[in-house]
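Worksheet for the structure shown next.
Residue numbers (mature numbering (1 follows the signal peptide of the UniProt record, and there is no 0)): -37 to -1, 1 to 244.
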């Protein structure tokens, strides 16, 4: 059962689709300035999940949601961001080169507000992906995901297509979930209404399941790796936190809290509360 739950958690990790870059884009849109943004995939959205482990065959619903405040530096306005990422994942019976083929779809939504300004809410970029996940034995698993974020024409999303690749490694024996998930996003347009750099995210998990409870530290980091314009300032950040989860038989709930340890060009430190439910059909 522990291995199954660890694998089920991979559904959310593989498909969650939103970013602090969206917060920056929305912030600048609300303040009537040219929009710029970092990662299209939200840094930290896949922590707490064994993304390297293949799912048992079946269909899963996973909802990851979070809300937080980025405190502005040097008198800058505080910015709030709320995100909801509903996901459907199908672990198909198909095997390719020994790996399970998994199909994933997400339709995220967000709400963003700037201190002393209006709030905006709406849909974010839809996400479709396919994933190959290998069970290497002795609790080790590895997966590769290839996905696409599709453009949207509102203030809160990106108006360009983003190619998303993810490589995850997990160890899930004896109730452990030790996972590193690397995410690489490639923008297909250098200049658009929202400026999209290529980016790298790294989501990290080190949790232990004891009975129905799961606890442990989590963390994430992100880096812009290109500058789409001459004046663009690359963003980077590191955040750490802790996770608590509980398994109600068919339903798994998780909650975690993260806070920025260090950042560059994000304009302030972010404190964020996350929640997740995992329901296999």
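C-beta: ideal position from N, C-alpha, C; glycine also.
Alpha carbon to alpha carbon, how far is residue j from residue i? Give it in angstroms, no decimals.
i: residue 175; j: residue 209; result: 5 Å
i: residue 60; j: residue 76; result: 47 Å
i: residue 35; j: residue 222; result: 14 Å
i: residue -11; j: residue 56; result: Model confidence at residue -11 stands at a pLDDT of 37, short of 50, so the residue's coordinates are unreliable and nothing is read from them.
i: residue 25; j: residue 17; result: 15 Å
i: residue 123; j: residue 158; result: 9 Å
i: residue 130; j: residue 107; result: 5 Å
i: residue 212; j: residue 10; result: 21 Å
Among the options, which has the Cα closest to the Cα of residue i?
i: residue 6; options: 29, 23 and 244; result: 29
i: residue 128; options: 162, 136, 120 and 117; result: 162
i: residue 238; options: 219, 109 and 4; result: 219
i: residue 204; options: 83, 234 and 216; result: 234
i: residue 207; options: 216, 26, 126 and 201; result: 216
i: residue 92; options: 110, 82 and 104; result: 110
i: residue 88; options: 132, 62 and 121; result: 121
i: residue 119; options: 138, 41 and 45; result: 45
i: residue 112; options: 130, 11, 104 and 148; result: 148
i: residue 67; options: 94, 79, 83 and 58; result: 94
i: residue 21; options: 54, 27 and 8; result: 54
i: residue 187; options: 194, 177, 199 and 181; result: 199
Is the beta carbon of residue j closer than 8 Å to that of residue i?
i: residue 225; j: residue 33; result: no
i: residue 165; j: residue 145; result: yes
i: residue 72; j: residue 85; result: yes
i: residue 142; j: residue 13; result: yes
i: residue 101; j: residue 136; result: yes
i: residue 62; j: residue 39; result: no
i: residue 23; j: residue 242; result: yes
i: residue 170; j: residue 177; result: yes
State the DSSP-derived secondary structure class of residue i, mapped to helix, strand or coil.
i: residue 231; result: strand
i: residue 240; result: strand
i: residue 208; result: strand
i: residue 45; result: strand
i: residue 226; result: strand
i: residue 15; result: coil
i: residue 26; result: strand
i: residue 7; result: coil
i: residue 175; result: coil
i: residue 98; result: strand
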